[in-house]
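I have placed the structure first, in the form of structure tokens, so that the comments after it can refer back to it.
Number of protein chains: 2
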Amino acid sequence: MKLRSVFSALTLTLATVFTSSQAVAEETFTLRLAETWGPNFPIFGDTTKSMARMAEEMSNGRLQIRIDSSNRHKAPFGIFDMVKAGQYDMGHSASYYWKGKVPNTLFFTSMPFGMTAQEQYAWFYYGDGMDLMQEVYEPHNMLSFPGGNTGIQMGGWFNKEINSLDDLQGLKMRIPGFAGEVFAEVGVNPTNIAPGELYTALERGTIDAVEWVGPALDLRLGFQQIADYYYTGWHEPATELQFLINKDSWEKLPADLQQILQIAMRTASYDMLIMSMHENANAWASIQSDFPDLQVRTFPDDVIQAMYDANSKLLQEAAERDDLARRIVDSQAEYLSNARAYTNISDRAYLNTMAELE
Amino acid sequence: MKLRSVFSALTLTLATVFTSSQAVAEETFTLRLAETWGPNFPIFGDTTKSMARMAEEMSNGRLQIRIDSSNRHKAPFGIFDMVKAGQYDMGHSASYYWKGKVPNTLFFTSMPFGMTAQEQYAWFYYGDGMDLMQEVYEPHNMLSFPGGNTGIQMGGWFNKEINSLDDLQGLKMRIPGFAGEVFAEVGVNPTNIAPGELYTALERGTIDAVEWVGPALDLRLGFQQIADYYYTGWHEPATELQFLINKDSWEKLPADLQQILQIAMRTASYDMLIMSMHENANAWASIQSDFPDLQVRTFPDDVIQAMYDANSKLLQEAAERDDLARRIVDSQAEYLSNARAYTNISDRAYLNTMAELE
Chain A
333 MKLRSVFSAL TLTLATVFTS SQAVAEETFT LRLAETWGPN FPIFGDTTKS MARMAEEMSN
393 GRLQIRIDSS NRHKAPFGIF DMVKAGQYDM GHSASYYWKG KVPNTLFFTS MPFGMTAQEQ
453 YAWFYYGDGM DLMQEVYEPH NMLSFPGGNT GIQMGGWFNK EINSLDDLQG LKMRIPGFAG
513 EVFAEVGVNP TNIAPGELYT ALERGTIDAV EWVGPALDLR LGFQQIADYY YTGWHEPATE
573 LQFLINKDSW EKLPADLQQI LQIAMRTASY DMLIMSMHEN ANAWASIQSD FPDLQVRTFP
633 DDVIQAMYDA NSKLLQEAAE RDDLARRIVD SQAEYLSNAR AYTNISDRAY LNTMAELE
Chain B
333 MKLRSVFSAL TLTLATVFTS SQAVAEETFT LRLAETWGPN FPIFGDTTKS MARMAEEMSN
393 GRLQIRIDSS NRHKAPFGIF DMVKAGQYDM GHSASYYWKG KVPNTLFFTS MPFGMTAQEQ
453 YAWFYYGDGM DLMQEVYEPH NMLSFPGGNT GIQMGGWFNK EINSLDDLQG LKMRIPGFAG
513 EVFAEVGVNP TNIAPGELYT ALERGTIDAV EWVGPALDLR LGFQQIADYY YTGWHEPATE
573 LQFLINKDSW EKLPADLQQI LQIAMRTASY DMLIMSMHEN ANAWASIQSD FPDLQVRTFP
633 DDVIQAMYDA NSKLLQEAAE RDDLARRIVD SQAEYLSNAR AYTNISDRAY LNTMAELE
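Same order as they appear, the protein sequences are chains A and B.
549 is the number that our numbering gives to position 217 of the first sequence; each next residue is one higher, with no gaps.
563 is the number that our numbering gives to position 231 of the second sequence; each next residue is one higher, with no gaps.
Here you go:
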């Protein structure tokens with residue numbers, strides 16, 4: 333604010349020297365951001381803080397972002413509405429939370445059997461992803477940007493082994509959203525239970541399985557102490573969080589601060605993928621060391637194939653909803669097909685080669 | 333420069349209002365950058381241009397980066413010396429090019445059987461990577477930052493199939509650097525040939541195989557027209573380019589421009605990994621469509637194992653050179669081991685699961 337008050341004091345006498353746009357460029361802007369997460373939520377919350385810090389430092393203090401966690405605004409799933417209405421300038425959340433309101437927001441977080449983080453970032457930034465996402469958010473007077481990736485989410489903690497489709501029939505599992513719908517198609521009984529009650533529910537057999545995120549965030553909930561099996565992932569291969577910005581708030585910023593904000597969000601989101609790799613690797617090493625009997629399993633081929641077919645069916649239904657849904661589903665399918673052909677001869681081949689070494 | 337001259341004109345009369353640090357903060361800084369690449373070299377050159385554009389836009393023009401390609405400075409492999417001496421403020425190149433001068437620079441590009449791009453970025457930013465790299469460059473009055481990742485490089489174009497170690501004996505292959513030394517240990521005859529002559533050399537049988545980068549950059553050299561086999565990678569799983577900065581040039585920048593420059597480099601380097609994914613996927617689709625008979629192969633297990641053992645031996649020799657080399661080699665090995673255990677249950681498991689689908 334120091335420089336701003338200097339400019340205010342000088343405005344009259346220096347009107348002929350400083351153009352008004354130069355004066356505006358020195359103004360301090362404060363944006364209020366509401367995040368879905370509680371205070372000090374690891375990785376997700378680190379990402380908003382790091383974005384805000386980068387924006388402040390790069391702008392020499394001219395761009396301030398004040399973060400309210402869910403303990404303040406009390407509306408973890410009200411971010412979309414609050415940013416749309418201008419109660420907050422920005423939000424940090426996940427696009428698929430809004431699918432009940434605006435069905436096409438579903439597609440911009442992660443889709444079952446979809447792209448990996450590298451593939452999906454390539455679709456966003458070098459394919460049609462950003463344009464399609466903007467088309468979905470534009471009518472709601474908001475801009476949406478990638479907000480940080482968790483990497484692939486694990487398939488969940490199970491207290492019995494899944495050897496065939498039969499083992500899934502009637503299985504009670506905490507798994508929300510689109511993946512829950514896919515699981516329901518193959519016989520699972522998906523339930524939603526508050527995070528604080530999940531451990532007890534799994535321990536007492538109220539549920540048979542629980543999907544959360546990955547080692548780093550799962551570790552804090554303690555499932556490794558009671559579950560015998562940890563299944564590999566298929567349903568959220570690259571969960572991307574989201575920064576939302578009210579369009580009026582955005583348009584008030586001068587061009588250099590828009591650019592600073594945009595780059596700060598982009599960097600913070602890439603960083604979250606890398607931070608997730610680091611935290612997951614450490615958490616997984618600790619779980620392996622403390623619980624050496626825990627078994628990692630991949631669902632058998634017939635289960636995976638049945639889930640894939642169920643997913644394709646639900647995706648086709650979603651695509652038939654409207655023209656925009658169709659264009660998004662087609663764009664993702666086409667991009668995935670091209671990108672995966674290359675991922676298979678590059679990263680997959682390499683990881684498999686190294687796994688064979690003694 | 334506009335604002336700067338305004339400030340110069342006002343310096344005397346406004347000395348009591350503007351502190352000197354505020355005046356300096358509005359100064360325009362121009363940094364000269366020399367890159368190893370020729371003008372308009374794709375992906376690598378796009379990365380320096382994008383970094384410079386982000387820095388300029390975020391600083392509202394106060395930070396200008398002028399890029400000289402190799403056609404101007406005529407010293408593609410002189411970047412280290414020129415930035416060290418202050419002839420250029422910045423460079424864009426690859427750390428392993430300097431191993432003849434400063435052997436420990438070898439470790440900061442990519443190592444055979446080493447980390448993937450996500451794993452290596454995690455080592456740089458959340459492990460000890462940045463500190464260790466700085467320890468290597470500090471005595472040369474430079475800062476070094478990640479400068480963009482190609483993703484995994486392919487194993488090369490071969491005009492005969494490799495079925496066993498015997499097939500490698502005396503094989504003439506263009507493969508430079510540390511990987512060439514590893515190949516030499518298992519019987520290959522590594523040669524270095526100027527890029528412009530590679531196509532003809534492979535076509536005429538002067539060489540039997542050639543390693544270049546990956547589909548996007550290989551496509552331009554035309555190897556797909558003459559080679560029958562394209563081998564998957566092992567020797568550079570995550571080739572990271574490098575931004576170099578002369579320390580005196582860095583220290584002249586005010587804190588906000590240092591931060592802008594650092595974030596611009598970080599974002600441009602992440603972006604290059606994603607751009608490489610996009611360009612490689614497109615190039616690979618085009619190669620597959622135009623040359624459907626081209627065969628993708630992975631080296632057989634005994635070849636991979638022999639190369640891995642040769643690599644381990646050379647790495648141990650390198651580690652014995654000095655204490656810093658030992659600490660770098662140990663840090664990378666420990667980080668890789670932890671990170672890969674997690675990559676195996678996450679990305680690798682997922683990619684293999686999907687590859688089984690019909």
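Glycine included, every Cβ here is placed at the ideal spot set by N, Cα and C.
Note that the structure is predicted; figures quoted are calculated from it, not measured.
Coil, strand or helix - lysine 433/B by DSSP: coil
field: Under 8 Å (Cβ pairs) to chain A, residues found in the segment 673-688 of chain B
entry: Ala673, Tyr674, Thr675, Asn676, Ile677, Ser678, Asp679, Arg680, Ala681, Tyr682, Leu683, Asn684, Thr685, Met686, Ala687 and Glu688
message: Please list, in chain order, the chain B residues whose beta carbon lies closer than 8 Å to that of asparagine 614/A.
response: Asn670
query: Quick one: what's got a C-beta closer than 8 Å to lysine 381/B's C-beta in the same chain, skipping five residues either side?
result: Ile399
task: Please name the residue in Ala570/A, Ser391/A and Pro371/A whose C-alpha comes closest to that of lysine 406/A.
output: Pro371/A
query: In its own chain, which residues sit with a C-beta less than 7 Å from the C-beta of leucine 503/B, not counting the 5 before and 5 after it?
result: Val520, Asn521, Asp540 and Ala541
- prompt: Per DSSP, what kind of secondary structure is alanine 373/B in: helix, strand or coil?
  reply: One point to set straight first is that residue 373/B is phenylalanine, not alanine, in the sequence displayed. Three-state DSSP puts phenylalanine 373/B in coil, outside helix and strand.
task: Kindly list the residues whose CB is nearer than 6 Å to the CB of serine 402/B, restricted to its own chain and excluding five residues on each side of it in sequence; keep chain order.
output: Gly370 and Pro408
Cβ-based burial, proline 569/B [other Cβ within 10 Å; buried from 16]: buried
task: For serine 402/A, name the three-state secondary structure that DSSP assigns.
output: helix
- request: Any chance you could list the beta strand (DSSP E) runs of at least 3 consecutive residues sitting entirely within the segment 616-644 of chain A, in chain order?
  value: 627-629
Residue range of the beta strand (DSSP E) that includes glycine 423/B: 422-425
message: At the level of alpha carbons, what is the spacing between alanine 647/A and tyrosine 682/B?
response: At residue 647/A the sequence reads leucine, which differs from the alanine that was named. Each residue's Cα considered, the two are about 20 Å apart.
Counted within 10 angstroms of its Cβ, other Cβ atoms place threonine 281/A as buried (16 or more) or exposed: Here chain A covers residues 333 to 690 and nothing more, so residue 281/A does not appear.
- request: Tell me methionine 386/B's beta-bridge partners as DSSP assigns them.
  value: None, per the DSSP bridge assignment.
- request: To the nearest angstrom, report how far apart aspartate 421/A and valine 628/A are at their CA atoms.
  value: 43 Å
task: Determine, using beta-carbon pairs with one atom in the segment 653-670 of chain A and one in the segment 421-435 of chain B, whether at least three such pairs fall under 8 Å.
output: no
query: Which chain B residues are close to aspartate 633/A, counting only those with a beta carbon under 8 Å from its beta carbon?
result: Glu688
query: Of all the beta strand (DSSP E) runs that stay within the bounds of the segment 469-529 of chain A, which reach a length of 3 or more residues?
result: 474-481, 488-490, 504-506 and 521-523
task: Compare the beta carbon distance of phenylalanine 477/A and phenylalanine 575/A with 7 Å and say whether it is the shorter of the two.
output: yes
message: So if I threshold CB-CB distances at 8 Å, which residues from the segment 537-557 of chain B count as touching chain A?
response: Gly546 and Pro547
task: Please decide whether proline 371/A counts as near chain B, where near means a Cβ-Cβ distance under 7 Å.
output: no
task: May I ask you to report which of helix, strand or coil DSSP gives asparagine 392/A?
output: coil
task: Drop a sphere of 10 angstroms on the beta-carbon of proline 444/B, count the other beta-carbons inside from all chains shown, and report buried for 16 or more, exposed for fewer.
output: buried
Closer than 8 Å at the beta carbon, the chain B residues around glycine 565/A: Ser678, Ala681 and Tyr682
message: Our contact map puts serine 601/A next to glycine 479/A with C-beta atoms below 8 Å; I'd like the distance itself, whole angstroms only.
response: 5 Å
field: Rounded separation between leucine 593/B and asparagine 436/B - CA only
entry: 25 Å
query: For glutamate 572/B, does the three-state DSSP call read helix, strand or coil?
result: strand
- request: Just confirm the distance between the C-beta atoms of methionine 607/B and aspartate 378/B, as a whole number of angstroms; I'd bet it's less than 8 Å.
  value: 7 Å
message: Please classify glutamate 666/A as buried or exposed, where buried requires at least 16 neighbouring CB atoms within 10 angstroms.
response: exposed
message: Give me the chain B residues within the contact set of methionine 454/A, using Cβ-Cβ distance strictly less than 8 Å, ordered along the chain.
response: In the sequence as presented, methionine is not what sits at residue 454/A; that position holds alanine. In chain order: Ile606, Met607, Met609, His610 and Ala613.
query: Would you say glutamate 535/A reaches chain B, if we count a Cβ-Cβ gap shorter than 7 Å as a contact?
result: no
field: Rounded separation between aspartate 498/B and phenylalanine 515/B - CA only
entry: 13 Å
field: Alpha-carbon spacing of glutamine 557/A relative to alanine 526/A, whole angstroms
entry: 19 Å
task: Quickly, what does DSSP pair threonine 685/B with across the bridge? List them, please.
output: DSSP lists no partner for threonine 685/B.
- prompt: Taking the continuous alpha helix (DSSP H) assigned at leucine 365/B, which residues delimit it?
  reply: Leucine 365/B -> not in any alpha helix (DSSP H); beta strand (DSSP E) instead, spanning 361-367.
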